[in-house]
Every structure is written in structure tokens, then in C-alpha cells.
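Comments concern the structure below.
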Amino acid sequence: MEQTSHLVVSAATRYADVVLPLALSQTYTYRIPEELVGSVKVGVRVEVQFGKKRLFTGIVQRVHGDTPEYAVTKFVISVLDETPIVFEQQLALWNWMASYYLSTIGEVMHAALPANFKLSSETRVTLGPLFHQDPGLLSDKEYLVAEALSIQEELSIEDIQGILDQKTVYPIIKSLLDKRIIYLQEEMQEKYQPKQVWCVRFAAGYMGADGPTPEVFELVKNAEKQERTLLALWQLSRQQEFVRQAELVKTAGTDTSVVKALVKKGILETWERAISRIGSYEEDTVDAQELSTQQVAALHQISTLFEQKEVVLLHGVTGSGKTRVYMELMQEAIAKGQQVLYMLPEIALTTQITERVRKVLGNDVLVYHSRLNHNERVELWNKVKSGHAAVVGPRSALFMPYTNLSLVIVDEEHDPSYKQRDPSPRYHGRDTALVLARQFGAKVLLGTATPSLESYFNAQSGKYGLVKMQERFGGVALPEIVIADKRKARLEQRLHNHFTADLLDALRGALAKGEQAILFQNRRGYAPSYRCPSCDWRSTCINCDVSLTYHKFKEQLKCHYCGYSSRLPEACPACGSTQLVMQGFGTEKIEDELLIFLPEARVGRMDLDTVKGKNAHAKIIGAFEDGEIDILVGTQMVTKGLDFERVGVVGVLSADQLLQFPDFRAAERAFQLMVQVAGRAGRKHRQGKVIIQVEDARHPVIGEVVEGVFSRFYQREIQEREQFAYPPFYRLIRITLKHTVPKTVNDAMQLYAHWLRQELGDSLLGPAVPLIGRVRTWYLLDVMVKIDRNDNARLAWVKTRIRIANDKLLQTKGFSGVRIAVDVDP
Ligand code: ADP
Ligand code: ZN
Ligand code: ZN
């Protein structure tokens, strides 16, 4: 049944502009049928048809009376929400992102909304455990769907349309999702497992209106621990509805065997209660630690600066106690009933910080982490929408429906993982946070020990306020940093495989004192390349232009870009030589070599290969915290905000590799990584020691890291940026064309670059083959545009030119299959 409106259009006819979760550069206008006029509001989801057959839920962005110029205007089919799920402010942010990052509003919507909110023809659903427990709440139609699901594992939208014999099924699916009877099929994620906790209560008959019955205490007369447990339970059940077993034994100072004994006597009952994993902090909260003088001073400066500035940069050395400052600000906002967003670059890597914050703020803070399933995401979304105070999360937490945001904290603001690389919108979490905050008139605090050039530049120019914390908490000195020259060591025969004698000595010294060590090598696997010295054959990926990395544990050669793997060849496939060699080294090899040089040390490794399993990352950190690991070897994961007490030595195995990266940010990145990893040393008690191994010690960044004066690094680096017209002086837009046929991408780029060059002239650079010219069978070519940072009019004009060129290219015969990826501020 096709509904169209070539019928009567009266002055009162209403239309809705709808955002669809597709890469469309505009919204589509649908006519609102009379009976839905009252229900179609900005921010609610509506069901609409797009294309011949497909049904989507989209978000209403505008309701109006302007008749669109379509030949036929389709009707809104149904309305899913009574109240908006996003507010105008979110929609405004989506529009800003789409425009600034040359993305589409549909792509932004897709990134912004939890999956449960995005029903489409592709949606598949499964049955959750609640159906069998409580089917009573369902309507007849809902029951039909749920019952079909109890026979069949999953259903598609089409199946459900068939079962109900009707086209419009989204409202029913939505209702079943809300009631948690069904779940969206979660392909990659674990199946929904509500968290269960054991609770304890008095068995029937043993609890009266004013306490346990007297006979209860008769029954435990000679068992003092049991009596204590019962008294504790009585006391706790007066304060809370459900008493957790863990809390009971803690309060009573007993253990679970006592509870078991009481259950056996029939006095108590234990039962499992399902709890939501969000907003249910199970431990006792603690008071925040007392502020240090430096923290008090910083807080004072921050609030003074906030009177005039929207943004303050908190530049505090590693271990200065920035987290405590953030917590104070969060508590202040919470006390005033305002919302705070505390953003971290990678939430999975920052469990330590999240736990510290939760310990103090308890359930006032919601943690938006990647392990939440679709339902929990919706739960969290709704809590924020109804004004819940504080959220800790990664960049995607920016999309939450805040109502009353007063502060955004961007921790480790320099961290490159704030930038989304793929898919579009390729947005920067920090920069988007600034825009979000401006919408709410909220303040932004950027915190780091190693500011990004962009933020420090803004602080220098007075656009941002600047607050410094130059001492470590507790007055511990910053670590001593020394250079270990690998070339020299090699000549003096003081280089043992990848370890200089200096580093080995320092490690031995630390172990002897009962201290721990961290070793940083920014490559995982055993060796990044496997080659034949006779004919120069190299193991390369079949899909990408990269060498395969040798992984010893799995006896495999692996591609880090597409996951392709192959067995180790016994002889060179090109010339038959059996003398194949490995080149370079990764974390796995360092771990191996430690076994030779420091056989008594217990070594742990933290890189993408070891943190894959559930909670694996937290387990490694826990083992290191508990002293079960002496030396932790890892990639840049070990540089991120970790706080350990007994790390005496930090070693950087190869600084060269960080500095040689062909990117204008390489020096900045190398500086940040080295200072951050160095900052893990000697945080609590004694001054730590950092050893940086390098082949060529003359690189200026090496000296700057040793000196440890950020402004010295900044002064030199900012001049280079200015001289070579890079950010923060210029804005960059990189456009990558991709195709699986090299000739197609070449021809397409020729044409594309020609068009743009005609308009943009010399500000267009390239085309060039990027560092890795083929990834996952796609051949890539880049062009780059540079635009003066202060020339906003030109920026807008350039973006329009790019959009036009993109459309034109895709409409050109032979190039419709070319993929175009635009990256603003790459
Ligand atoms: P940063 O984030 O600046 O590197 P942290 O916030 O991790 O520093 O603080 C460094 C260490 O000092 C942590 O172990 C933290 O628990 C401790 N610390 C910070 N502030 C206080 C305080 N006011 N009282 C007690 N310990 C503190
Ligand atoms: Zn590959
Ligand atoms: Zn060979």
C-alpha cells in the first residue's frame, strides 16, 4: 500500500523534515497525516519509507507548512516516541559536525544514537530472558512477536511484518525493546547478561514489623558470629530495600560461610537480584582526599579564569594530581544540580581513573564504556536526558542528551585518539566538546602534562586561560631522564640485542630494590619485517602495502591493517634461500629477550595482542599493581594515565622509531609519548629514572625531553609549524580517494585534483600516494588543502568547492564506485 499525497494540500497541511541514518547530505520532507499532527514533534522518531521498499526510523528535525517540491510526498507512517529522544541542542551539534567535518547529518546521527534507537529494514531482533518470566504485560501483537521468537532464534523486520500481517511494525518493536522483552541482534557484542548480585533477607516468619522475632535469637544463642550477622542484617535492612550479601558480611565482620549456615537453619534466604550495570556502584564510596596547596591554588585560578574565559588549559606535570582537581570541580557542579562531562581519550585504557572517580562520586557518575550493551546505552541515555549529574566517557559521550551541562573536562587533551579516523564523521572529541560547551554556555577544562600545540597556542594568545601545576603531588621530584646512545654502546660492545648496558643495569638495580619497571616499544609482535637478504624479498600483505609482522607466539606473519595472516615460509618464495631474517623488533621480542638477560624477573606484556579478552587489560594492570609482575612491556598503552606506586625505572627502547614517522605531528607525538611514559616513573615515594635509548641522539626533541621544559619544546616546534604553514596556523583538509582498481583511482584523482586546483590554486597539495598506498585491497591517493586558520570565509568557500567536486566525481561515468574520505583537521 503506497501512500502518497498528490491529493488535497490545504494551508493547514504539515510536513516534517526527517534525518535518516544514511549518508545523505540533506533531510527529507514527509507529509504528516492528520491523525499524527499532534504527535510529530522535533526530536521524536518517526517511521518513514525511503526508496522503493526500505523503512527507516528517522529523527524529526523540523515541523513546518512549506510544501516541498517533490512530485509525490510520502507520508510519515508512524511515530515511535511520545517525547523527544534528542533535544534541539543535540540536533544543532549534529548539524555543526556535519558541516564542519564535511560529513552528512545522517552519518552523524548514526554515530550519535544508540543502536536501539535506529530501527531499519536491516534490523534483526532476538528474545531476551524476561519473556518467560513475565509475559503478562504484552499486547496481543507484542505477544505474537515474542512467541515467534521463542521458537525462532531471530527475526527480521520482514518476518515480523509477515507474522503480524501488517506493514507498520516499528512501534511494536520499539515497545518490546522498551519492555526488554526483545533485544537487537548484537553481532559483535556479547549477549545481554544482566549483572546479578546475591542478596540476603530473613526467611518468612522470622521478621516482624519491628524487627526479627525473639525466637530467631534463641536459634543462634551459642553462635556469636551468626548472631552478629543477624543483627547486622536487621540494621542494614532498615536502611536499604535490598541487602547485598557482600555488604552484610563486611558489616558483620564475618564471611559467607556464616550466611550459608543461617540459610541452612532456615532463618535466612539468599536470592539473586538482577541489577543494571550502569549507575550501580556496589562499593562504599570514600571521601575525596584532602586537597594539596597546589590543588587549592589551581582550583582558585581555574574558577577565577572561568569568570572571563570559556576554556582553561590545566598544564600540570605528570603526577601533579590533576584528577583530584577534576573531581572537586565535578562535585561542585553536582552540588549545584548541574551536569558535567568528564571525557577521557580511551575509556577502556583508563579503568584506573574511572575507578578513582567512582570511588568518590559513586552513583552520581555514570560511566559510558564500550562494554555496555544496547539496552544499557539506552538506559544511560535516558538518565542523562532526565538530568543525571555526571558522565565519564570517551568522545562518543558528547552525543548524550544533556539538558543542563555546565562543565566539560577533557583529560589528556593532547591524545590523538580523541580524533575519529573512520568512519565519517571524522571528528575531534576535544574540538567538538568546545562547540558543545558553547551551546550550553558551559565551561571547558583541558588537562594534560603535554599540551597539544593547538591548545598551548590558544593559551599563549590569551584565548584560553592557563593554569600550571609544576610540582608532583607529595613533592616527589620528576624522574631523572638519561639518554642511552645505542650507536656508542654498539661500538663499545655494551649493546645486548636491543638493550644497552645502561638500561639493563638500571633494571637490575630496580629489581634489587624491589621496584618495578615499564618498558615502552611502540610496535607489537616479534619483528615488523621478515625478509630474504639474498634477493630482497619481503613478506608483504596480499591486501595492503605493508610488511607482515612476525608473531612468535602464534608462529604467524600478520598484517596489522587488515588482519590477514600467513604461515612462516621455510624458504624464500622468490629465490629459495633458507636464510630468511627478521628485522626490527616489537614488544613480543623484548619480552623474549628479558628472559635471557633478566631470567629472574616476572615479565608482563600489554599491547593489542594481550588485551583482547574480556577485562584482559584490567587484569594486567591489576597484576602489575599487586606486584605480580616486575617488568611491564608495552606499546603506547603503557603511556596512558597509569598510576603505579613502585615503578622505579622506565625505559624507552627506541626513540628513533617515534621521531622518524613522516608526519608533521611526529615530533609533537614523540615528545608527548616520551614525557608521558617517563611520567609513570617514581610517582609516589622516590625519584624515578628514565632511560631513553636512541641511535641518533642529536634530534632536538631528545634534548627537550631530557630537559623536561615544555615551553622550550613548544618554542621550537611552533616556529616550524609557522614556517611550513601547518596547524595551528593553518587548517588542513585531507581528501583521500579509494578504489580497488589502481587505474580508476588514478584517473579519478587526476580529474578531481584538476577541478580543485582550478579553484584553489596553490593551496591544494598533491596528489600523492599516502604512507600506505593500499589498505584492505583499496588503492589510495591523497590531496591536501591548506587554509589560513583565521580565514573563516575561505574555509566555508573551500568546503563548498569540495562538496561540489565530490558530487561531480561520483556522477562522472566510471567513477561512481570511487570512495571519497574527507578528513578535516587530520
Ligand atoms: P596526574 O593526573 O596529574 O598525573 P594524579 O591525579 O594521578 O596525577 O595524582 C598523582 C598521585 O597523587 C595519585 O596516586 C593520586 O592518588 C595522588 N594524589 C593526588 N592528589 C592527592 C591528594 N589531594 N591527596 C592524596 N593523594 C593525592
Ligand atoms: Zn593487510
Ligand atoms: Zn630470496
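First residue of the sequence shown? That's 3 in the working numbering, and the numbers climb one at a time after it. All residues carry an ideal CB built from backbone N, CA and C; glycine is no exception.
- Under the 8 Å Cβ criterion, the segment 468-485 counts as touching the segment 678-690, having at least three qualifying pairs.
- Around the C-beta of Val743, fewer than 16 other C-beta atoms lie within 10 Å, and the residue is accordingly described as exposed.
- In the DSSP secondary-structure assignment, Leu521 is bridged to Val635 and Gly653.
- Inclusion of Val21 and Pro86 in the CB contact set at 7 Å is not warranted, their separation being larger than that value.
- Judged by pairs of C-beta atoms under 8 Å, the segment 292-302 does not touch the segment 219-231, as fewer than three such pairs exist.
- A distance criterion of 6 Å places the beta-carbon of Ala573 beyond contact range of ligand 3, judged by its closest non-hydrogen atom.
- Per DSSP, Lys169 lies in no beta strand (DSSP E) and is assigned neither H nor E.
- It is roughly 30 Å from the alpha-carbon of Arg648 to the alpha-carbon of Ala529.
- In this structure Ile804 is in contact with Leu104, their Cβ atoms being roughly 6 Å apart against a cut-off of 8 Å.
- For Gln638, the CB contacts under 7 Å within the same chain, skipping 5 residues up- and downstream, are Asn524 and Leu675 in chain order.
- When C-alpha distances from Trp98 are compared across Leu773, Leu812, Ala798 and Ser239, the shortest belongs to Ala798.
- At the C-beta level, Thr434 and Leu407 stay beyond 7 Å of one another.
- In this structure Asn375 is buried. Its beta-carbon is surrounded by 16 or more other beta-carbon atoms within 10 angstroms.
- Looking at the backbone, the Cα of Met786 and that of Ala755 are separated by about 10 Å.
- Distances taken from the Cβ of Tyr552 to the heavy atoms of ligand 2 include none shorter than 6 Å.
- Sequence-distant Cβ neighbours of Val42 in its own chain, meaning closer than 7 Å and more than five residues away, are Ala18, Ile34, Val48, Val62, Val65, Val78 and Val81.
- When beta bridges are read from the DSSP output, Pro744 appears opposite no residue.
- Beyond the five residues adjoining it in sequence on each side, Ala392 comes within less than 8 Å, by CB distance, of Met332, Ala335, Ile336, Gln341, Val342, Leu343, Tyr344, Leu363, Asp366, Val367 and Leu368 in the same chain, given in chain order.
- Within the DSSP secondary-structure output, Val484 pairs in a beta bridge with Ile693.
- With a cut-off of 6 Å, the C-beta of Tyr563 is classified as near ligand 2, since at least one heavy atom of the ligand falls inside that distance.
- Annotated as distal: Gly588 and Gly636, with beta-carbon spacing of 7 Å or more.
- In the assembly as shown, Thr779 is an exposed residue. Its beta-carbon has fewer than 16 other beta-carbons within 10 Å.
- With 6 Å as the limit between CB and the heavy atoms of ligand 1, the residues that fall short of it are Gln291, Glu292, Leu293, Ser294, Gln297, Gly318, Thr320, Gly321, Ser322, Gly323, Lys324, Thr325, Arg326, Phe475, Asp645 and Arg685.
- Where Lys445 is concerned, the enclosing beta strand (DSSP E) starts and stops at Lys445 to Thr450.
- C-alpha of Ala669 to C-alpha of Thr170: approximately 57 Å in a straight line.
- The segment 579-587 makes contact with the segment 531-550; the number of CB pairs closer than 8 Å reaches 3 or more.
- Looking only at Phe58, Lys55, Pro23 and Gly67, the smallest Cα-Cα distance to Glu36 is reached by Gly67.
- Taking the CA atoms as reference points, Ser305 sits about 20 Å from Val437.
- Ser294 and Glu271 have their C-alpha atoms roughly 47 Å apart.
- In terms of CA proximity to Leu115, Glu381 leads the group Asp547, Glu381, Ser239 and Ser454.
- The shortest CA-to-CA distance from Thr15 to any of Ser122, Val39, Gln354 and Gly210 is the one to Val39.
- Cβ-Cβ separation between Glu630 and Arg604: approximately 7 Å, consistent with a contact (criterion under 8 Å).
- Within 10 angstroms of the beta-carbon of Gly213 lie fewer than 16 other beta-carbons, which makes it exposed.
- The DSSP-derived three-state label of Thr253 is helix.
- Distance from the C-beta of Ala576 to the nearest heavy atom of ligand 3 is below 6 Å.
- Around the beta-carbon of Gly255, fewer than 16 other beta-carbon atoms lie within 10 Å, marking it exposed.
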